[in-house]
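One structure is given here, and the rest of the page talks about it.
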Amino acid sequence: MLALEPMNVLRPKGRVYVPRIRCLGKAVVLALLSLASLPTALAGTDIVVGVYDFPPVARITEGPKVEGFLGDLFKELESVNPDVTFRVFHTSPKRRYLDFDAHLYDVIFFESPAWEWQDKQALISPPVLMDEDLYVALNKPGRDRTFFDNLSQRNIVALSGYHYGFAGMETNPLELEKRFNIEFSDSVSRNLKLIKADRPSVAEVAIVNDSYLQMHLAQHPEDRDRFLISEQPDQTYQLSIITHPEGPVTAGDMMDLLEPLLERGRYQSLVKKWGLELPPTLVSNSGED
Numbered sequence: 053m054l055a056l057e058p059m060n061v062l063r064p065k066g067r068v069y070v071p072r073i074r075c076l077g078k079a080v081v082l083a084l085l086s087l088a089s090l091p092t093a094l095a096g097t098d099i100v101v102g103v104y105d106f107p108p109v110a111r112i113t114e115g116p117k118v119e120g121f122l123g124d125l126f127k128e129l130e131s132v133n134p135d136v137t138f139r140v141f142h143t144s145p146k147r148r149y150l151d152f153d154a155h156l157y158d159v160i161f162f163e164s165p166a167w168e169w170q171d172k173q174a175l176i177s178p179p180v181l182m183d184e185d186l187y188v189a190l191n192k193p194g195r196d197r198t199f200f201d202n203l204s205q206r207n208i209v210a211l212s213g214y215h216y217g218f219a220g221m222e223t224n225p226l227e228l229e230k231r232f233n234i235e236f237s238d239s240v241s242r243n244l245k246l247i248k249a250d251r252p253s254v255a256e257v258a259i260v261n262d263s264y265l266q267m268h269l270a271q272h273p274e275d276r277d278r279f280l281i282s283e284q285p286d287q288t289y290q291l292s293i294i295t296h297p298e299g300p301v302t303a304g305d306m307m308d309l310l311e312p313l314l315e316r317g318r319y320q321s322l323v324k325k326w327g328l329e330l331p332p333t334l335v336s337n338s339g340e341d
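Count the sequence shown with our numbering and you get residues 53 to 341, in order.
In structure tokens:
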């Protein structure tokens with residue numbers, strides 16, 4: 053709370069009186085500074101965020117709550133924007149567009165505009181994150197990276213609802229099954245286990261995002277020699293923040309909320325912690341090497 057100087061104090065004539073504000077605590081000053089940095093239009097804003105499993109970017113837990121890079125980011129955003137709250141809406145890779153059209157959530161983080169968002173009335177931020185997908189097979193004698201040259205001859209295991217470069221960004225499973233020997237799952241961990249199980253009739257090649265693969269190899273270093281990993285990515289993607297045109301925030305508002313973390317280097321630290329990358333434009337703007 054703030055205390056104003058009593059109004060009945062004698063004051064010199066001819067001067068404009070401005071009450072002196074006495075701060076009653078350091079915590080109040082910090083809170084006021086935080087509120088001062090918050091865009092006025094966003095004060096008291098409740099933002100519903102669509103989230104699906106996309107490790108290590110996001111992992112849905114009971115509640116629903118979110119862990120991973122996005123979970124850490126929510127905590128940081130709320131610490132510097134205390135009058136803004138984020139609520140998680142559990143969607144899925146396949147359902148995210150229908151849920152967006154129905155306005156069941158306001159914002160979805162870390163999507164490539166090329167993943168069908170350009171075809172929607174969506175507001176799209178500049179890129180704020182980057183990753184890539186790699187091909188992974190079992191490392192066998194006589195097998196080298198030319199194994200990945202013609203995927204139409206391989207049994208592929210992929211994630212349902214995801215967009216892949218080799219498939220021309222097609223996500224319809226019926227169409228993909230006409231063109232490839234492909235099986236779908238909802239777990240990248242399961243896909244790697246299928247590769248390790250050496251079941252070529254089911255899975256010879258898995259497509260795995262690099263940040264997850266590096267996290268897996270750090271936890272299971274014995275797999276470094278067991279996997280054959282492509283040098284050329286299936287796709288490299290720059291990820292943006294997508295907002296609903298009728299939601300409480302725009303893509304520009306979300307960038308404003310993110311700005312204090314960028315200025316303090318907190319966002320960059322989280323990106324590094326989770327094995328992700330900054331897009332070139334953000335690297336140059338943040339002054340990182």
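Note that CB positions come from ideal geometry on N, CA and C, so glycine has one too.
For residue i, which three-state DSSP category applies?
| i | result |
| --- | --- |
| K325 | helix |
| K230 | helix |
| F121 | helix |
| L90 | For L90, the predicted structure reports a pLDDT of 48, less than 50, and the residue's modelled location is therefore unreliable. The matter cannot be settled from this model. |
| L334 | helix |
| D135 | coil |
| Y319 | helix |
| L85 | Note on L85: pLDDT 42, under 50, position unreliable in the model; no value is reported. |
| L156 | coil |
| R195 | coil |
| E163 | strand |
| E114 | coil |
| E130 | helix |
| D262 | helix |
| F200 | helix |
For the beta strand (DSSP E) containing residue i, list its first residue and its last residue.
| i | result |
| --- | --- |
| R148 | Taken as a continuous stretch (DSSP letters only), R148 belongs to no beta strand (DSSP E), being part of the alpha helix (DSSP H) at R148 to D153. |
| E274 | Here E274 belongs to no beta strand (DSSP E), and DSSP marks it neither H nor E. |
| N207 | N207 to L211 |
| S292 | Q287 to T295 |
| M182 | L181 to L190 |
| L280 | F279 to I281 |
| D98 | T97 to V103 |
Would you say residue i and residue j are within 8 Å of each other, going by their C-beta atoms?
| i | j | result |
| --- | --- | --- |
| N191 | F279 | yes |
| I160 | V101 | yes |
| V209 | S164 | no |
| N207 | V254 | yes |
| M267 | G327 | yes |
| I99 | L186 | no |
| V301 | T97 | yes |
| M221 | A166 | yes |
| M306 | S131 | no |
| L309 | E128 | no |
Tell me the rounded alpha-carbon separation between residue i and residue j.
| i | j | result |
| --- | --- | --- |
| H155 | A174 | 11 Å |
| Q290 | M182 | 4 Å |
| G217 | E184 | 10 Å |
| R148 | S239 | 17 Å |
| R111 | S212 | 16 Å |
| T223 | Y214 | 6 Å |
| D275 | Y264 | 13 Å |
| D105 | T198 | 31 Å |
| L125 | P179 | 16 Å |
| I247 | N133 | 44 Å |
| V342 | G194 | Missing from the structure shown is residue 342; the chain here goes from 53 to 341 and no further. |
| D250 | E168 | 34 Å |
| P116 | D262 | 26 Å |
| A219 | T288 | 14 Å |
| E329 | V335 | 9 Å |
| Y285 | K146 | Checking the sequence, you will find Pro at residue 285 rather than Tyr. Roughly 23 Å between the two C-alpha positions. |
| K245 | V188 | 11 Å |
| D151 | K172 | 13 Å |
| D135 | E311 | 16 Å |
| P273 | V103 | 30 Å |
Within the continuous alpha helix (DSSP H) that includes residue i, where are the two ends?
| i | result |
| --- | --- |
| A303 | A303 to R316 |
| N243 | V240 to K248 |
For chain D, is any of its Cβ atoms less than 8 Å away from the one on residue i?
| i | result |
| --- | --- |
| L211 | Of the protein chains in the structure, only one exists, and it is not chain D. |
The stretch 144-158 touching the stretch 293-309, judged by at least three CB pairs closer than 8 Å: yes
contact_flag[the stretch 227-235, the stretch 310-326] where n(CB pairs < 8 Å) is 3 or more: Contact between the stretch 227-235 and the stretch 310-326 is absent, because fewer than three Cβ pairs lie under 8 Å.
Validate contact between the stretch 127-142 and the stretch 252-271 using beta carbons, cut 8 Å, 3 pairs: no
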